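Take a look at the structure set out below.
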Amino acid sequence: MQMNKNRRAAIIGAAAMIAIVVVAICKLPNTPEATKNDVEEITKSQNADNDVYELTSVTALVADISDPEIVNNRSANIVMARIDSIDGGSNYSEVYNDYVFPYTYGHMTVVDNLKGDLTVGESIRFCRLGGTISLEQFYAGMAEAEREKFGPIENSKDFFGDAKMVKYVMRDDVEPEAGKIYLMYLNPDTVCSKEPGGHIITGFQGGLREIKMEGNGTHHFVGIKVLNNFTGEWEDLSSVFAAANQILLYMVV
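Residue numbers for the sequence shown, in the working numbering: 228 to 480.
Next comes the structure, spelled out in structure tokens:
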């Protein structure tokens, strides 16, 4: 089964939960969906276990994901959560029974709940746009135009060399790391898995922001810094998440 264009858009839309114009929708360059102004940066990277071919896609968003309020308003749940495990990558949707953009999936634990009804201490399955999959999975999910251009997998060395894996990420995005705590913007998973209770981390780099603690943190939210992935600066959680100010006032009084 080949990837349907609507399925490609589905996972991007679910991941961002904002109106998106996809300017480089294909995984491979010079496809009919791309225009002369659309560039996909392609680099080769190595890891300890596999030869990985990396593809970076470019999208144009009609909403500013660097604005916390915008991502806030388009997220059903906002939590501080620890990534417990990165369990793998896939490009197949159990919901649609069809191929979609590659995504990463794993498990996380809610450390604190800032918006929504998720329970502190709850273990949650997550998925997020961008991931590493096998070359076989990648070829299985190719659109027809890509299949015609690159031919069967037997000819894959002409483009991918000796790579066994393909890593697909969005330009300037960040990748979740096991063991770290993040400020996460979430929506129920309606794309990746049929398993109940799962969530998609939304907002690209605007929806996954690393957290660090400073000082003793004697009150809730005091001493919590959040990384701004756009500027590289650490910001007070209270300045990032407006509701934090209200909760802090309530707890200090």
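All C-beta atoms, glycine included, are put in the ideal place defined by N, C-alpha and C.
On a predicted model such as this, the values are computed, not experimentally measured, just so you know.
Is G343 helix, strand or coil when you go by DSSP?
DSSP places G343 in coil when its eight states are reduced to three.
Can you tell me the Cβ-Cβ gap for T346 and V337, rounded? I've got them flagged as a contact below 8 Å.
Right, the Cβ-Cβ distance comes to about 6 Å (below 8 Å), so this counts as a contact.
In three-state DSSP terms, what is D389?
Under the three-state reduction of DSSP output, D389 falls in the coil class, being neither helix nor strand.
Report buried or exposed for S320, applying the criterion of at least 16 other Cβ atoms within 10 angstroms of its Cβ.
Looking at its Cβ environment, which holds 16 or more other Cβ atoms inside 10 Å, S320 is buried.
Exposed unless 16 or more other CB atoms sit within 10 angstroms - verdict on T182
The structure shown does not extend to residue 182, since the chain spans only 228 to 480, so no value can be given for it.
Are the CB atoms of M335 and L362 nearer to each other than 8 Å?
The beta carbons of M335 and L362 sit no closer together than 8 Å.
Among P415, D400, N318, E281, which has the Cα closest to the Cα of R352?
Closest option to R352, Cα to Cα, is P415.
Distance, R301 Cα to M397 Cα:
Roughly 20 Å separates the two Cα atoms.
In its own chain, which residues sit with a C-beta less than 7 Å from the C-beta of S312, not counting the 5 before and 5 after it?
Excluding residues up to 5 positions away in sequence, G333, H334, A405 lie with their Cβ nearer than 7 Å to the Cβ of S312 in the same chain.
Go through its chain and collect everything with a Cβ distance to G343's Cβ below 6 Å, but skip five positions before and after it.
Only A303, N304 meet the Cβ criterion.
I'd like the ranges of any alpha helix (DSSP H) spanning at least 4 consecutive residues and lying wholly in the segment 294–354.
Runs found: 295–300.
Cβ neighbours of L454 in the same chain (closer than 7 Å, five flanking residues each side left out):
R436, E437, W461, listed in sequence order.
What does a CB cutoff of less than 8 Å around F387 pick up in its chain, not counting 5 residues either side in sequence?
For F387, where only same-chain residues beyond five positions count, the Cβ hits under 8 Å are Y280, L362, V393.
Alpha carbon to alpha carbon, how far is S420 from I427?
For S420 and I427, the distance between alpha carbons rounds to 10 Å.
Within 10 angstroms of its Cβ, does S466 collect 16 or more other Cβ (buried), or is it exposed?
Classification for S466: exposed.
Which residue from L410, S350, D399 puts its Cα closest to that of F457?
Checking every option, the nearest Cα to that of F457 belongs to D399.
In the DSSP output, which residue or residues are listed as bridge partners for S361?
As DSSP reads the structure, S361 sits in a beta bridge with M392.
Tell me, to the nearest whole angstrom, how far the beta carbon of Y412 is from that of P329; I am working on the premise that it is less than 8 Å.
20 Å between Cβ atoms; not a contact.
Which first and last residues belong to the beta strand (DSSP E) in which K439 is found?
Boundaries of the beta strand (DSSP E) harbouring K439: 435–440, taken from the DSSP string.
Expected contact under 8 Å - CB spacing of G433 and V322 to nearest Å:
Their Cβ separation, rounded to whole angstroms, is 24 Å, which puts G433 and V322 out of contact at 8 Å.
Report the rounded CA-to-CA distance for V418 versus V327, giving the unit in angstroms.
When rounded, the distance between both Cα atoms is 9 Å.
What's the C-alpha gap between D463 and I451?
One Cα belongs to D463, the other to I451, and the distance between them is close to 6 Å.
Burial state of R355, where buried means 16 or more other Cβ atoms lie within 10 Å
Burial call: buried.
Can you tell me which residues form a DSSP beta bridge with L464?
The partner list for L464 (beta bridge, DSSP) is empty, contrary to what the question assumes.
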